[in-house]
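Heads up, the thing below is written out as structure tokens.
Number of protein chains: 2
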Amino acid sequence: MARRIDKSSVPAVTVPRLATYLRKLRELRARGVERVSSKDLAQMIDLNAAQIRKDFSYFGEFGTRGVGYEVQRLIDEIARCLGLERTWNVVIIGAGLLGTALARYRGFSEQGFRLVGMFDSSARVIGASYGAGRVRSVAELEEFCAAQTVDIALVTVPAHAAQGTIDRAVAAGITAVLNFAPIKVFTPKDVIVRQVDLSSELMFLSFHLDRGSD
Amino acid sequence: MARRIDKSSVPAVTVPRLATYLRKLRELRARGVERVSSKDLAQMIDLNAAQIRKDFSYFGEFGTRGVGYEVQRLIDEIARCLGLERTWNVVIIGAGLLGTALARYRGFSEQGFRLVGMFDSSARVIGASYGAGRVRSVAELEEFCAAQTVDIALVTVPAHAAQGTIDRAVAAGITAVLNFAPIKVFTPKDVIVRQVDLSSELMFLSFHLDRGSD
DNA sequence: GAATGTGAATTTATTCACAGCA
DNA sequence: TGCTGTGAATAAATTCACATTC
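Residue numbers (our numbering), protein chains in the order written: chain A, 25 to 238; chain B, 25 to 238.
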């Protein structure tokens, strides 16, 4: 039986780590490994073993003392914790270089994320096709979301358009956004926004590279 | 005079925040704003004002008590802290969907990151051109890096190839890597690796979306 | 008076260390 | 004996609160 979890009691940093564990566990399963200890897993992903056990402990008890974890069971448990037992419908807003690259990427569907629509504001790309049916006008977004469930928006518009675009997505009922535009956006607090920010990652590297002020 | 900073005394989370401040400050400058307080800036990016001041304090004193910060001065200071006063040479390894999208993206050069080469292992794409000269074979990487400085590698190869690719980049003398492959890679400790992980971001969203176990 | 810069207090996250169970 | 699960201890990050300076 699925234990009821208070999500606010789960540290924010635990969730991306669960995704990492899941990935490694699937790799182990593919190699035919059936059992693993927190110590082994920790070594494989360069982490403290207690960290892994504590991360699991927010959700339940998945292992056997003295033995370890059964790989398949752990995969199932983590997938359930992450909400991956169902499929989530995704739209991409912004059919530029990045948006179209994401649309053609097959990795999402493998994880249970299904691209159901693609939107742009430019007449130049509306009607084109990139693996998710034709590109629609953002003006149709609200109507589209009314006709079918849309859970997540990937926003790949230019920075100056991001806030307006996300306002529109939220108005259409979307409550989860992955924002690739390099700008902090404001949303109602029941909307989850994650930022993917390449220039900030590059700056992180340049900060550490810069040996001048070491 | 540039103060000498011990980078290990700067919290890891401070660095990406500096990138955020820089972005907002440039926006303010573009709008003609000449002065800003930590309180104002905090409001604009939804942060605590003391956080901002503390972040700056690791690097020096950039403001004037009772007055605030001069926007241009602050931009210059942060850019210097982040190592952005010089240009960094970047290569992209992996000329797939994402790699070619990144190669065509103009945002990098605006920030002082210059794409100087692109590599792939597949004969199908070697020789093609995407805005950084022709795609070279990864076999040429070491030779290429010997002939010119390469500071950063963006790695956009499939997961199974990522560790080998990064080993190769490190052998060629590259010490900073932005890894888009969904796998944890191991490197010598003087090499900085940052991970950009879309599927983990999507899982973060699905975790919070999943109202079943709220 | 107003806003910075920073120790002190608080909160959050990580790691230790061991009781408890197979 | 071996490894989990978890309180207690430690470390790291954030926020408070105020002395300091313009």
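Note that beta-carbon positions come from the ideal geometry of N, C-alpha and C, so glycine has one too.
Query, Result
"Closer than 9 Å to chain A by CB, B:C105", "yes"
"For B:T38, the three-state DSSP class (helix, strand or coil)", "helix"
"Beta-carbon proximity of A:I99 to A:L49, cut-off 9 Å", "yes"
"DSSP bridge partner residues for A:G92 (one or two, in chain order)", "A:T88"
"B:G123 in three-state terms, based on DSSP", "helix"
"Inter-stretch contact (C-beta, 8 Å, three-pair minimum) for the region 200-216 of chain B and the region 93-112 of chain A", "no"
"Counterpart residues of B:I117 in DSSP-defined beta bridges", "B:F143 and B:V179"
"For B:F137 and A:H232, the rounded distance between their alpha carbons", "15 Å"
"Contacts that A:K208 makes with chain B (C-beta to C-beta distance below 7 Å)", "T44, I69 and D70"
"Where A:S32 falls: helix, strand or coil (DSSP)", "helix"
"Cutoff 9 Å: A:V91 Cβ touching any chain B Cβ", "no"
"Cβ neighbours of A:A183 in the same chain (closer than 6 Å, five flanking residues each side left out)", "A205, P206 and I207"
"Cβ-based neighbour list, B:I29, same chain, cut-off 8 Å, excluding 5 preceding and 5 following", "Y82, F83 and C105"
"Within-9 Å CB hit, A:P40 to chain B", "yes"
"Cα-Cα separation between B:T189 and B:V34, rounded to whole angstroms", "30 Å"
"Expected contact under 8 Å - CB spacing of B:F143 and B:I102 to nearest Å", "Their Cβ separation, rounded to whole angstroms, is 32 Å, which puts B:F143 and B:I102 out of contact at 8 Å."
"Member of B:D221, B:S224, B:A193 and B:R47 whose CA lies at the smallest distance from the CA of B:V115", "B:A193"
"9 Å Cβ cutoff, A:Q135 in contact with chain B", "yes"
"Amino acids of chain B, ordered along the chain, whose beta-carbon sits closer than 8 Å to that of A:L108", "M227 and S230"
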